[in-house]
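Same order as they appear, the protein sequences are chains A and B. No gaps in the numbering here: position 101 of the first sequence is 142 in the working numbering, and each next residue is one more. No gaps in the numbering here: position 180 of the second sequence is 262 in the working numbering, and each next residue is one more. Beta carbons: idealized from backbone N, C-alpha and C, even for Gly.
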Amino acid sequence: MCLILIGHVLLAQSTLTDSCIFFNHKIIYPYYYPSSPSNGKDFYTIKQEFAKSITAKTNFNGIITVIFFINYKGETNFYKTQLCDLNYKTISMTKDIDTLCNQISEAVKNSGPWKPMLDESNHAVNCRKFYSFKFNNGQLIETLPK
Amino acid sequence: MKHFRNNYFLIVLFLSYQLSAQKDTSSFYDTYERCITACNPNELLHYFELNHYKKEHIINAASYLTYHGNDYCGNKLAKLCIEKNDSITAGNWHTYSVQNTKNGNYAEAIYGLENSLAIAPKEMEGYYGWVLLYYYRDYKKALLHLNHYDSLTPGVIDAPVGENIHFLKGLCYYQLNEFEKSILEFEKNKVFEKNHFGKKNVNAYIYFYKARNYDKLNNLKLAEIFYKKAINQSQFPVEANYYLGMLHKYKKQNFKKAKLYFEKSKTFLIQGYKQQDSYVELFDEVYITQLNEDIVN
C-alpha cells in the first residue's frame with residue numbers, strides 16, 4: 042500500500058509537467074484528424090509567406106522540419122527543429138545553416154495565430170503540427186505536408 | 083548491487099502504480115495521449131512484458147504514442163521491443179515507418195522502411211515508391227522503387243496503395259520534367275481503365291495530367307483537348323478548369339476565355355469539390371487565394 046502511494050506521488054510529480062498543463066490533460070491529435078488546425082490561410086498563402094521569410098543563402102541539401110503543438114486554446118508551444126539530409130539520415134545543425142534554421146523557426150512561429158482543432162463534437166482539442174522545408178543546393182524546393 | 087536495488091525499487095514503484103491505476107489498456111492510453119513528457123519507454127516495455135503483451139501489441143502501443151505526439155517515447159518503445167525480438171516482420175517495421183512519415187520524422191520513417199524492404203521487398207516496395215512520391219516529393223527515388231516493383235510482376239498492372247502504378251510513374255516523370263515519358267505512362271493507365279472499367283469510367287485525372295504534360299511541352303492544341311476531356315469526365319472539374327484558364331491567360335492571351343474557366347473552377351471550389359488529401363498537398367492543387375489572384379490580375 043505504501044509502495045502504491047509513493048508510486049502515485051512520483052507519477053503525479055512527473056505528470057505535472059509543462060506539457061500536461063499546456064494540454065490541460067486533453068487528448069493530443071495529429072494535424073490531420075479529426076479535423077485540421079487553421080490559421081485562416083490556405084496552403085498557397087502559407088507557402089508564399091514562408092518563401093518570403095526564408096531568404097538565407099546556403100548550399101544546404103536536406104530537409105528542415107519544425108514540429109510544434111497547438112493546444113485547445115490555440116496557443117503554440119514545444120517547438121522542435123530536426124534535420125535530415127536528402128538520403129534521410131539525421132544531421133545536426135551546423136554554423137553555415139544557423140541563419141537558415143533560425144529563419145525557418147521564426148517563420149513557423151509567425152504562422153499563427155492558430156484556431157484550435159475541433160473534434161467530432163466540435164470541442165477544441167490539442168494537436169501536433171509540423172512544416173518541413175526541402176532544400177536542394179540552398180534552394181527551397183518543397184514545403185510539406187500541407 | 084546497490085544501484086540495481088535502487089533501480090529495481092523505482093520499477094516496483096512504477097509498476098505498483100501501473101497495476102493499481104492502469105488495470106486495462108484504455109487507462110494506459112488515457113495517460114499517455116494527453117502529455118508529451120511523462121513517459122519512460124524502458125519502464126513501459128517492462129510493464130508490457132510483465133503483463134505478457136505480444137510484440138504486435140507493444141509496437142501498436144508505441145505507434146499510438148507517436149500518433150498522439152509522444153514521438154520520442156513511442157519510437158524508443160518500438161525500437162526496444164524490436165531489438166528484443168528475433169521474429170520482427172516487415173509489417174512491424176512498416177507500422178513504425180508509417181506513423182513517423184505522418185509525423186514528419188523522415189529519418190526514422192525511412193529507417194523503418196529500409197528495414198521492412200530488406201525483409202519483404204515484394205510486399206513493401208510499391209508502398210515505398212508511393213510514399214516517396216507523395217510524402218517526400220523524392221521523384222527519382224520513387225521512380226526507382228516503382229520501376230523495380232513493376233519489374234517483379236511482369237504482365238501484371240500493380241496498384242500500390244490502390245493507385246495504378248502507371249499513374250504513379252506518370253506523376254514522377256511529370257515532376258521530373260520528363261513530359262513525354264509521363265504521357266506514355268498516363269496513356270497506359272488510360273488503356274487499362276478503359277479496358278477494365280469502360281470509357282465512361284476512366285479517371286478524369288489521367289486526362290488532366292496528360293493535359294498538364296502537353297501544356298508544359300507547349301503543345302497547346304493537345305493540352306486544350308485533354309483539359310476539356312478532363313472537364314467532361316469529371317463532375318466537379320476544379321483543376322482542369324483552372325489550368326485551362328491559365329493556358330488561355332498566359333499562353334493565348336485570351337483573358338475573356340481565361341476568366342470564364344476561372345469562374346467555373348471557383349464555383350466548384352467554393353462548393354468544396356477540389357481534389358485534396360488529409361495528409362499532404364496534392365500535385366497542382368488549386369486554392370481559392372490563387373484563383374482570386376488570377377481572376378483579378
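- Along the segment 123-149 of chain A, going in chain order, the ones with a CB nearer than 7 Å to a CB of chain B are Cys125, Tyr129, Lys130, Thr131.
- The CB of Tyr73 (chain A) comes closer than 8 Å to the CB of Lys184, Ser360, Tyr361 in chain B, given here in chain order.
- The beta-carbon of Thr349 (chain B) is placed no less than 8 Å from the nearest beta-carbon of chain A.
- In this structure, Cys168 (chain A) sits near Ile111 (chain A), with a CB-CB distance shorter than 8 Å.
- Put simply, the CB of Arg219 (chain B) is near chain A, with a gap under 8 Å to one of its CB atoms.
- 8 Å or more divides the Cβ of Leu162 (chain B) from the Cβ of Gly156 (chain B).
- If you draw a 10 Å sphere on the C-beta of Leu132 (chain B), you find fewer than 16 other C-beta atoms in it, and that means exposed.
- Contact between Arg116 (chain B) and Lys67 (chain A) is confirmed by a C-beta separation of about 6 Å, below the 8 Å threshold.
- Among the residues of the segment 77-110 of chain A, those with a Cβ less than 7 Å away from any Cβ of chain B are Asp83, Phe84, Tyr85, Thr86, Ile104, Thr106, Ile108, Phe110, in the order of the chain.
- One Cα belongs to His134 (chain B), the other to Ala191 (chain B), and the distance between them is close to 28 Å.
- Taking a contact to require three or more Cβ pairs closer than 8 Å, the segment 282-302 of chain B and the segment 254-266 of chain B qualify as touching.
- Counting only Cβ-Cβ distances below 7 Å, Phe64 (chain A) has contacts in chain B at Arg116, Cys117, in chain order.
- Leaving aside the five residues that flank Leu225 (chain B) on each side, the residues in its chain whose CB is nearer than 6 Å to its CB run, in chain order, Cys254.
- In this structure, Asn323 (chain B) lies near Ile313 (chain B), with their beta-carbon atoms less than 8 Å apart.
- Per the C-alpha coordinates, the member of A:Thr99, A:Val107, A:Glu183 positioned closest to Tyr216 (chain B) is A:Glu183.
- Judged by beta-carbon spacing, Tyr113 (chain A) lies beyond the 8 Å limit of Ala148 (chain A), meaning their Cβ atoms are not closer than that value.
- The C-alpha of Tyr74 (chain A) is placed about 13 Å away from the C-alpha of Ser162 (chain A).
- Ile288 (chain B) places its beta carbon 8 Å or farther from that of Ile69 (chain A).
- Excluding the 5 residues flanking it on each side, Leu266 (chain B) has no same chain C-beta neighbour closer than 6 Å.
- Contact between the segment 222-239 of chain B and the segment 178-192 of chain B is absent: fewer than three C-beta pairs spanning the two stretches fall below 8 Å.
- Counting only runs of 4 or more residues that sit fully inside the segment 155-227 of chain B, the alpha helix (DSSP H) segments are 172-184, 188-201, 203-216, in chain order.
- CA-CA distance, Glu196 (chain B) to Asn277 (chain B), rounds to 36 Å.
- By the rule that beta-carbons nearer than 8 Å mark a contact, Pro157 (chain A) does not touch chain B.
- Considered as a whole, the segment 237-299 of chain B harbours no complete run of any beta strand (DSSP E) with no fewer than 3 residues.
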